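Numbering (our numbering), first residue to last: 130 to 318. Below is one structure, written out as structure tokens, with a few remarks after it.
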């Protein structure tokens, strides 16, 4: 855990500016429930957590980086928002079954965790997921294929869920517009 923690601490120490929510959450926040428990998994600096708190949800945010968690708490305090942020290795300490109404995962991919993530969502609850794909028009994101989705793989990782929004532009059409390098999913249990 320490090597990964040190790596991410270094990345977050270099980032400036306010944390921003992922595109999947920004564009589809109108689908959020009026209340409930939301978890921003592998939250980084917490742009998603802040948006969820602004929407009136009870928010938990977990990340392996103490630096990111501290930055998130500072941002939440400045905005007067309540976020329960925890340093947590999300590959080892997963949410409990039926514990969240909304689960948000952005730019984090550990395929073997997907069944547990599905199980954590309450019936009727929502998953907002966004991460990088193998078909890319630029070098943005990881290069290790273990952390890149193949075509339509995000759909296959959560086959039991009802798809509400899915987008994966891949290499089609003009490469200077659209959602490139990534796939987004909003699904309901």
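Where is the CB? At the ideal position from N, CA and C, for every residue including glycine. The model shown is predicted, which means the values in this text are computed figures rather than measured ones.
Query raised in the report: How about the stretch 223–233 and the stretch 193–212: do they share at least three Cβ pairs that are nearer than 8 Å?
Result: no
Query raised in the report: Which residue or residues does DSSP assign as beta-bridge partners of residue 316?
Result: As a position in the chain shown, residue 316 is number 187, starting the count at 1. Paired residue(s): 256, 292.
Query - Best match in 160, 264, 190, 277 for proximity to residue 292 [C-alpha to C-alpha] - result: Within the chain shown, residue 292 is the residue found at index 163, counting from 1. The residue with the shortest Cα to Cα distance from residue 292 is 160.
Query - Alpha-carbon spacing of residue 105 relative to residue 311, whole angstroms - result: Outside the shown range of the chain, which is 130 to 318, sits residue 105, and nothing can be said about it.
Query raised in the report: DSSP state of residue 243, grouped into three classes?
Result: Locating residue 243 in the chain shown gives position 114, where the first residue counts as 1. Looking at residue 243 - three-state DSSP - the assignment turns out to be helix.
**Report entry** CA-to-CA distance, residue 276 to residue 185, given in whole angstroms
**Finding:** In the chain shown, the residue the question calls residue 185 occupies position 56. In the chain shown, the residue the question calls residue 276 occupies position 147. Annotation: residue 185 to residue 276 spans about 32 Å, alpha carbon to alpha carbon.
Query raised in the report: Taking C-beta to C-beta, are residue 182 and residue 148 nearer than 8 Å?
Result: As a first step, residue 182 must be located in the chain shown, where it is residue number 53. As a first step, residue 148 must be located in the chain shown, where it is residue number 19. No, these two residues do not count as a Cβ contact at 8 Å.
Query raised in the report: residue 196 by DSSP, collapsed to three states: which one?
Result: Looking up residue 196 in the chain shown gives position 67. Correct three-state label for residue 196: helix.
Requested in this report: Compare the Cα-Cα distances from residue 296 to each of 284, 289, 317 and report the closest residue.
Outcome: Locating residue 296 in the chain shown gives position 167, where the first residue counts as 1. Here the closest residue by C-alpha is 284.
Query raised in the report: Terminal residues of the continuous alpha helix (DSSP H) containing residue 184?
Result: Position 55 of the chain shown, counted from the first residue, corresponds to residue 184. Counting along the chain, residue 184 falls outside any alpha helix (DSSP H), and DSSP gives it neither H nor E.
Query raised in the report: Near residue 174, which residues of its chain fall below 8 Å by C-beta distance, leaving aside the five closest residues on each side in sequence?
Result: For the purposes of this step, residue 174 is taken as the residue at position 45 of the chain shown. Excluding positions up to five away in sequence, the list reads 141, 144, 148, 197, 200, 201, 204.
Query raised in the report: Residues in its own chain within less than 6 Å of residue 234 by CB, not counting five upstream and five downstream?
Result: Residue numbering aside, residue 234 sits at position 105 when the chain shown is read from its first letter. Once the five neighbours on either side are set aside, the close Cβ partners of residue 234 are 170, 258.
Report task. Assign residue 230 to one of three DSSP states: helix, strand, or coil. Result -> For the purposes of this step, residue 230 is taken as residue 101 along the chain shown, with counting starting at 1. If DSSP states are grouped into helix, strand and coil, residue 230 belongs with the strands.
Query raised in the report: Which residue or residues does DSSP assign as beta-bridge partners of residue 213?
Result: Counting from one through the chain shown, the residue named residue 213 turns up at place 84. Partner(s): 189.
Report task. Check the C-beta distance from residue 190 over to residue 212 and give it rounded, since I have them as a contact under 8 Å. Result -> Here residue 190 refers to the residue found at position 61 when the chain shown is read from its first residue. Here residue 212 refers to the residue found at position 83 when the chain shown is read from its first residue. The C-beta separation of residue 190 from residue 212 comes to about 6 Å, placing the pair in contact by the 8 Å criterion.
**Report entry** Delimiting residues of the beta strand (DSSP E) encompassing residue 170
**Finding:** Against the chain shown, residue 170 aligns to sequence position 41. Taken as a continuous stretch (DSSP letters only), the beta strand (DSSP E) holding residue 170 covers 166–170.
Query raised in the report: Ends of the alpha helix (DSSP H) at residue 310?
Result: Walking along the chain shown from the start, residue 310 turns up at place 181. Neither: residue 310 is in no alpha helix (DSSP H) and is coded neither H nor E.
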